[in-house]
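Just below is one structure, and these are the notes that go with it.
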Amino acid sequence: MLVIGFSIQVPLPFIINDVLKINTRYFGIIQSMFAIGFIPGALIINKYEEKWVHYKVIASMCIIIAITTVLMIIPVFSGINFNNEIVLVIYYCFITMILGSSISIIDITATTYLQKTIADNFRGRVMSLQFSLVKIILPLALILSGFAIDFMPIHVVLIFGSF
């Protein structure tokens, strides 16, 4: 969650609204694709979960998230010219949909693994601790990302966040 908060939740709106100056009416469409991406991710993991190795799935999705985070930078560079605002919207919709699917697959895989491997008498405590840590870490990531964007170029923040 730290990576998602740091490299996506703050930088994406900054790129779309401030750097690329895409019309704000498209921002909601781009953000909604993130949530819509959860659906195919959940369907994919539901169909293939028993055939996949948990840690390999999570590692693969982390790599996909890193790659798509780096792909968010491409339109920012002035050397690459996207002629049309709609092309940019479609590009970022595609990226956010991939991110949503990847996050969905990670969340479902990790939660299922924890539920299967943790003893019944500890499961509630471990899951509560996990969710509490996420709620603590995410705001810290958002704050760090905001400061990083003020002090570094956006592409540096995204590249750093993709690792």
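Numbering follows UniProt numbering, in which position 120 of the sequence shown is assigned residue number 120; successive positions increment by one, without gaps.
From the three backbone atoms N, C-alpha and C, an ideal C-beta is built for every residue, glycine too.
In this text, all values refer to a predicted model and were calculated from it rather than measured experimentally.
- With respect to the C-alpha of residue 77, the residue from 158, 96, 48 having the closest C-alpha is 158.
- In this structure, residue 14 and residue 144 do not form a Cβ contact; the two beta carbons are roughly 14 angstroms apart against a cut-off of 8 angstroms.
- Of the other Cβ atoms in all chains shown, fewer than 16 fall within 10 Å of the Cβ of residue 124; this residue is therefore exposed.
- About 6 angstroms separates the beta carbons of residue 149 and residue 10, which is inside the 8 angstroms limit, making them a contact pair.
- With respect to the 9 angstroms criterion, residue 99 and residue 45 are not classified as neighbours on the basis of their beta carbons.
- Cβ-Cβ distances below 6 angstroms link residue 82 to 75, 88 in the same chain, with the five nearest sequence neighbours on each side left out; the list follows chain order.
- Proximity to residue 60 across 73, 109, 38 peaks at 109, based on C-alpha coordinates.
- Counting of Cβ neighbours within 10 angstroms places residue 48 among the exposed residues, the total staying below 16.
- Spatial neighbours of residue 17 in its own chain (CB-CB distance under 7 angstroms, excluding positions within 5 residues in sequence) are listed in chain order as 24, 27.
- Annotated three-state conformation of residue 157 is helix, per DSSP.
- CA-to-CA, the gap between residue 41 and residue 120 works out to about 27 angstroms.
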